[in-house]
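Comments concern the structure below.
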Amino acid sequence: MAIQPIRLFGDPVLRSTAQPVTTFDKELRKLVGDLTDTMLDAPGAGLAAPQLGVSLRVFTYHVDGVTGHLINPDLSLSEEEQDGPEGCLSLPGLRYDTTRAYGVVAKGFNMYGDPVTVEGTQLLARCIQHETDHLDGIIFIDRLDREQRKAALKAIREADWGAGPAPVVKVSPHSTFGSAR
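The opening residue of the sequence shown carries number 8 in my numbering; numbering runs sequentially from there.
Okay, structure coming up:
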């Protein structure tokens with residue numbers, strides 16, 4: 008396994024919908040290992056395959072001392088919401104309060120193709136929702152209200168890593184709890 012470079016905001020792979028995993032093989036296990044090593048080295052609470060330039064529905068997480076991964080996630084969200092700071096390894100140094108569901112039940116598979124269910128609240132729920140958004144080409148700033156998103160895009164333009172082409176904002180196909188405009 009190896010630490011890989013993390014793709015930054017503006018890279019087109021971050022705006023693409025990732026493809027479902029259909030083959031659970033050695034190559035997939037290597038990807039999960041690379042995601043885990045890179046996430047822990049960064050350090051981050053989660054990392055999705057598109058952030059390494061791989062358009063597959065895979066992510067890893069490390070929350071409250073528990074490290075895991077989920078492949079082809081399908082989420083059920085609680086109606087209760089939470090607001091809290093959120094950041095992203097593809098937008099280094101930026102953090103904004105973001106509304107998310109308070110709880111989540113995520114069903115999917117492990118790297119061997121076995122079905123798994125991950126249930127969590129608070130930070131784990133936020134992380135799972137954030138990483139699943141990456142698999143749908145959604146970045147957390149897409150969930151911010153108009154003023155926060157404007158501030159985030161300005162911060163990106165001013166960041167030493169953000170000198171690329173003008174960013175594209177994608178409207179989330181999932182509930183934004185009324186905050187996206």
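Just so you know, even glycine gets a beta-carbon here, dropped at the ideal spot from N, CA and C. Keep in mind it's a predicted model, so treat the numbers as computed, not measured.
Alpha-carbon to alpha-carbon, residue j and residue i
i	j	result
Ala113	Ile163	31 Å
Val28	Val61	11 Å
Ala108	Gly91	11 Å
Ile145	Leu21	8 Å
Local conformation of residue i per DSSP, three classes
i	result
Ala56	helix
Pro99	strand
Gly120	coil
Thr43	helix
Gln89	strand
Leu148	The sequence shown places Ile at residue 148, not Leu. DSSP places Ile148 in helix when its eight states are reduced to three.
Arg14	coil
Asp32	coil
Asp48	helix
Bridge-paired residues (DSSP) for residue i
i	result
Ser83	Val112
Gln26	Leu63
Val73	Val70
Thr139	None; Thr139 has no bridge partner.
Buried versus exposed, by CB contacts within 10 Å (16 or more), residue i
i	result
Ser83	exposed
Gln136	buried
Asp104	exposed
Thr24	exposed
Gln58	buried
Val65	buried
Tyr68	buried
Gly53	buried
Contact under 8 Å by Cβ, residue i with residue j
i	j	result
Ala56	Leu77	no
Gly94	Ala166	no
Leu96	Gly51	yes
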